[in-house]
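S.K.: This structure is in structure tokens; I'll ask about it shortly.
In this note's numbering, the protein residues as written are 72 to 146.
Below, the structure written as structure tokens:
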């Protein structure tokens with residue numbers, strides 16, 4: 072992270088993919104009861120080579136990253 076909110080990462084030569092990590096910001100969100108509550112948000116973006124990896128696999132990877140980050144305190 073170089074201080075930006077989000078970025079579009081470019082795949083380095085010889086690599087298949089890259090994950091861009093933005094900074095954490097506090098945003099208003101809704102809880103299970105419809106009340107507005109503050110929550111920390113992290114913007115992620117990724118790029119991958121479609122010649123090597125299909126979109127479904129990349130989406131699975133992204134979903135796994137999100138699951139791990141959403142349960143951060145439990146690890």
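A virtual CB, placed ideally from N, CA and C, is assigned to each residue, including glycine.
These figures come from a predicted structure and were not determined experimentally.
1) Quick check on residue 123: does DSSP put it in helix, strand or coil?
2) If you measure between the beta carbons of residue 77 and residue 93, is that distance less than 7 Å?
3) Between which two residues does the beta strand (DSSP E) harbouring residue 95 extend?
4) Compute the beta-carbon to beta-carbon distance between residue 115 and residue 90, rounded to the nearest angstrom, for a pair I have assumed lies under 8 Å.
5) Is it true that the CB of residue 111 sits closer than 7 Å to the CB of residue 97?
6) Do you know offhand how far residue 95's Cα is from residue 79's?
7) Give me the DSSP bridge partner(s) of residue 109.
M.R.: This is what the structure gives:
1) What you label residue 123 is simply residue 52 of the chain shown in a count that begins at 1. If DSSP states are grouped into helix, strand and coil, residue 123 belongs with coil.
2) The residue given as residue 77 occupies position 6 in the chain shown. The residue given as residue 93 occupies position 22 in the chain shown. Yes, these two residues count as a Cβ contact at 7 Å.
3) As a working note, residue 95 is residue 24 in the chain shown. Residue 95 -> beta strand (DSSP E) spans 88-101.
4) The sequence position of residue 115 within the chain shown is 44, counting from 1. The sequence position of residue 90 within the chain shown is 19, counting from 1. About 7 Å; that satisfies the 8 Å criterion.
5) Position 26 of the chain shown holds residue 97. Position 40 of the chain shown holds residue 111. Cβ distance < 7 Å, so residue 97 and residue 111 count as in contact.
6) Along the chain shown, read from residue 1 onward, the residue named residue 95 stands at position 24. Along the chain shown, read from residue 1 onward, the residue named residue 79 stands at position 8. One C-alpha to the other measures close to 17 Å.
7) In the chain shown, residue 109 corresponds to position 38, counting from 1. BP columns for residue 109 point to 99.
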